[in-house]
Each structure stands twice: as C-alpha cells, then as structure tokens.
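For reference, the structure discussed in these notes is given below.
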Amino acid sequence: MNSDSNKKERVETGHFQTELHRHYTKLNKPLQAMSGALLAQCKEADDIKGCIKPDQGGDTSPNAQLESVILKAEQTLPQKVLTLRQAEQSERSFCTTHKLIDKSVQPNAVISMLWISVCVFIDAAVNSSFLYNAHMVSGPFAALLTSFLISLTNVTLSVSAGYFIGRFLSYGSNSADPEAQEFRAVRNRAKWQCRVFIGVMAFFILTVGLVRSMGSLDRVAHSLAHYGQLLATPESVFLVLLTICITVFSYHKGRTGFTHPYGDYSTYQQSVAAARDDLYRFYDELVEEIEEICADSEDDAEVRVTAQSKTAKQYHKKVTECHQAYRELQEAIRAAENEFSASVARLINSQSVLEGKNLAIPGDLLAPFAFTNIAAIKLPDSHEPSHPSASRSLLAKEKAAVLKRLSDLFKRVLQS
4 MNSDSNKKER
14 VETGHFQTEL
24 HRHYTKLNKP
34 LQAMSGALLA
44 QCKEADDIKG
54 CIKPDQGGDT
64 SPNAQLESVI
74 LKAEQTLPQK
84 VLTLRQAEQS
94 ERSFCTTHKL
104 IDKSVQPNAV
114 ISMLWISVCV
124 FIDAAVNSSF
134 LYNAHMVSGP
144 FAALLTSFLI
154 SLTNVTLSVS
164 AGYFIGRFLS
174 YGSNSADPEA
184 QEFRAVRNRA
194 KWQCRVFIGV
204 MAFFILTVGL
214 VRSMGSLDRV
224 AHSLAHYGQL
234 LATPESVFLV
244 LLTICITVFS
254 YHKGRTGFTH
264 PYGDYSTYQQ
274 SVAAARDDLY
284 RFYDELVEEI
294 EEICADSEDD
304 AEVRVTAQSK
314 TAKQYHKKVT
324 ECHQAYRELQ
334 EAIRAAENEF
344 SASVARLINS
354 QSVLEGKNLA
364 IPGDLLAPFA
374 FTNIAAIKLP
384 DSHEPSHPSA
394 SRSLLAKEKA
404 AVLKRLSDLF
414 KRVLQS
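Everything in the sequence shown is counted per the working numbering, starting at 4 for the first residue and increasing by one.
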C-alpha cells in the first residue's frame, strides 16, 4: 500500500517537474538569446580594444637621441674651443710682436661702400656738367656716362691703393726690431708701390684737367704751356682739386673703411671672429637640434593620440552598449524569475486542489531551474588613454634637463 502511494507521489512529482521545465524553457529561450547577443557585443568590444595600442610613452621617449646630441657636444665643443684659443693666441702674439695698441677698430664695410658710392656720383655729376657745358660730348647721357667712367676709375684705383698699399706703409715700424728683414721688405714694397700710385694718379688728374682746359680729347698734351693754360682755366682747376679730394678720401676709405688699417692684423681678427662665430653657431645648432627632437617627439605623440581617438570612441561606444544590454538582461532575468515563481505558485495551487490538501514544494525541486547563471558574463573594462598633456609635461622636463646639461658643458669647456 505504501509502495503504491510513493509511486503515485513520484508520478505526480514527475508531472510537476515536466510542467516546471516547460515554463522554464519558455522563459529561458529569450534570456539565452539576449545573453548570446550580449556575448557577441562583448566580443566586438574586445576586438576593437585589440586595435588600440598600449601607451608606449616610455618606448618613444627621445632620450637616446638627446644623449647622442650631448655626446656630440662633448666630442666637438672642446675642439672648437681649442681652435678659438689658438686663434686668440696667434692674435695676441701678432700684437706683441708689432706692439699694436689700437685693436678696437671694427669698420662697417657697408657704410664705407655707401660713402664711396656718394663720392663716385658727386664726381661724375660735376664732371658731366663741365663736359656738357663745354660741348665736348654729344648729349647729357654721353656726358654722364663719360664722367661716371672717369670717376669710377679714380675711386677704384684710390680705394685699391689704400687697401693694398696704405695699410703696409708703416708695417713693423713699432716692433722691437723695425729693421728686421721681414718688416723692411714689406715697407719697401709698399713705398715703391705708393710712388707708382701717386705718379699714375697725378697723370690721371692732370689729364682730366687738361681735357677741360683744352676743350677736346684730341688736343690733350702734357707740357708746361698746357699746364699754364690749365691753371688759367677756373673750371679745370676746380676739377683737379675736386678729383684730388675724391682721391684722398677714397684712399683713406680703402685703408680704414673695410678692415683694420694695420696690414695683416685684420687676418688675425677675422680668424678669431670666425672661430668664435663657429663655436657659438655650433652651440646654437645643438640647441636647435634638441628643440627639433623634442618637437618631433611631441608631434609623434599627438599623431598617435589622434590616430587612436576614433578607435577609442568606437570602443567606449561598444562598452556602453554592452553595459546597457547587461542591464536589460538583468531586468529580463528578474521578470522571468517573477513569472516563473508565479507559474510555480499556480501549479502548486492546482495540484493542491486536485489532491484536496496543501502541498509543499520539495527543497531541491526548483534547484535546476535557476536563471542567475545566464548573467554570468564578464563585461569589457573601460579604457582610459593617456592624456597628451602628461607626455608633454614629461617631455618638457627632459628637454629642460638636457638643455641645462648642454649649457653646463659649454660653460665648463669655455672655462677650461
């Protein structure tokens, strides 16, 4: 009798489980579909995240390039400083040998050229006026052209004589042994060259005066009578005096307007200036190279951030969709659990009415019908890319440190 009762109870329990499984399956299918869609979204998010490269700020640091600049500075700066020291030593030795005191002359070649050009045009204008008024040329343009050629010849010869001859007339005269062969030979050469120059210019100036006094280029002849006629012609005397003034001024500018007026000293001045300019130019180039390296590194960092910004936005959008779908899945699970509980209650009530007694649900009967395992899904993590300002700040510190090292090295080399 007891065995039939137990058998009947098992049949009723089996029927009850069948109904529960039917309701569970009905509610579980939509949840599984939502779970599968969520897993697919998570997979897409992981795939997008794989396209985002990790922050490689340490790998892209320009430390290696900056160190190469410092190494180049350590190798080259001492050599350039040595070249400057040698040039300064040679310059001091020259000054000591020649007892040169005034070393501060630094003429402006541009200003000198402007003064010389003014002289050329003043002389040409005056000459052209006299030539045209004397009817020795066909017109104003011919007068100006002829006078310009005369004036240019005069100024060119005078400037050249001042530069190549005048600076060497007193060469070595203040030295400890002014009669030394090396000094006397230079002075003697300059003296006979100066005599030749004076003779040539005297002939040239007298010829210009005679052209004006004779009134023709064909009738010019150097004789006492013609010189007397020249002195009797005020215009010719004025031209001679003006040409002499232009000659003297041009000679002075040629001697003092371009380099130091003492012969050969300008060579030592220029070598010192060139060595100093080369040293400081090399230092400026190192500074510019450091700035360019840091600027390129900063640009590369910004390019990387810009290139990955679109991918990062897509990833964040997909992460947001995953979290939204997960919340919807949890709400659907809670609704399914409520509906399943209501279905279980209805089945118990129906079974109790049929049997005429209150039935209790066995403790392990509902264990297989859980929905919570559906939500056991690992959601993608949010990704926070490195901010460009952080890398810029680090790069600025590296740049300042390297520039300070370079400056300290430069000061140390100069003081050595």
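A virtual CB, placed ideally from N, CA and C, is assigned to each residue, including glycine.
Item to check | Tyr283, buried or exposed, once every other Cβ within 10 Å from all chains shown has been counted against 16 | outcome: exposed
Next on the checklist: Under 8 Å, with one C-beta from each stretch per pair, do the stretch 114 to 130 and the stretch 288 to 305 reach the 3-pair mark?
Outcome noted: no
Checklist entry - Since Cys197 is in the alpha helix (DSSP H), which residue starts that stretch and which ends it? => result Gln184 to Met217
Checklist entry - Buried or exposed: where does Ser154 fall if 16 or more other Cβ atoms within 10 Å of its Cβ makes it buried? => result buried
Checklist entry - What separation, rounded to the nearest whole angstrom, lies between the Cα atoms of Leu398 and Leu74? => result 20 Å
Checklist entry - Exposed or buried, which one is Asp384 when buried takes at least 16 other CB atoms within 10 Å? => result exposed
Next on the checklist: Among Ile114, Tyr230, Leu412 and Leu382, whose alpha-carbon lies nearest the alpha-carbon of Val322?
Outcome noted: Leu382
Item to check | Between the CA atoms of Val158 and Ile114 - distance to the nearest angstrom | outcome: 16 Å
Next on the checklist: For a quick check, are the C-beta atoms of Leu42 and Ile377 less than 8 Å apart?
Outcome noted: no
Next on the checklist: Going by beta-carbon coordinates alone, are Leu213 and Asp126 separated by less than 8 Å?
Outcome noted: no
Checklist entry - Should the stretch 278 to 293 be called in touch with the stretch 401 to 414, which here means at least 3 C-beta pairs below 8 Å? => result yes
Checklist entry - Are Ala112 and Phe261 touching if we call contact CB-CB under 8 Å? => result yes
Item to check | Between the CA atoms of Glu342 and Ile351 - distance to the nearest angstrom | outcome: 14 Å
Checklist entry - Would the beta-carbon of Phe97 fall within 8 Å of that of Tyr271? => result yes
Checklist entry - Would Ile336 pass as a contact of Leu34 if the rule is Cβ separation under 8 Å? => result yes
Checklist entry - Within the chosen definition, does the stretch 181 to 194 reach the stretch 238 to 254 through at least 3 CB pairs nearer than 8 Å? => result no
Checklist entry - Just checking my contact of Ala205 with Leu87 at CB under 8 Å: how many whole Å lie between their CB atoms? => result About 47 Å; that fails the 8 Å criterion.
Item to check | Inter-residue spacing [alpha-carbon to alpha-carbon] between Ala345 and Thr314 | outcome: 46 Å
Checklist entry - Among residues of its own chain, excluding the 5 on either side of Val251, which ones have a beta-carbon nearer than 6 Å to its beta-carbon? => result none
Next on the checklist: Checking 8 Å against the spacing of the C-beta atoms, do Asp281 and Lys102 come in under that value?
Outcome noted: no
Next on the checklist: Using the three-state DSSP reduction, which class does Thr79 fall into: helix, strand or coil?
Outcome noted: helix
Checklist entry - Under 7 Å from any heavy atom of the ligand COA, does the C-beta of Ala164 make it? => result Within the structure as shown, the ligand COA is missing, as the structure has no ligands at all.
Next on the checklist: Restricting to Cα atoms, I'd like to know which of Gln418, Thr99, Tyr329 and Asp50 is closest to Ser38.
Outcome noted: Tyr329
Checklist entry - Closest by CA to Glu151, which one among Glu324, Asn130 and Gly202? => result The sequence shown places Phe at residue 151, not Glu. Considering only alpha carbons, the answer is Asn130.
Next on the checklist: Quick check on the burial criterion: 16 or more other C-beta atoms within 10 angstroms. Buried or exposed for Leu147?
Outcome noted: buried
Checklist entry - Glu294 and Leu69: beta carbons closer than 8 Å? => result no
Next on the checklist: Taking the beta carbon of Glu331 as the centre, do at least 16 other beta carbons fall within 10 Å, making it buried, or is it exposed?
Outcome noted: exposed
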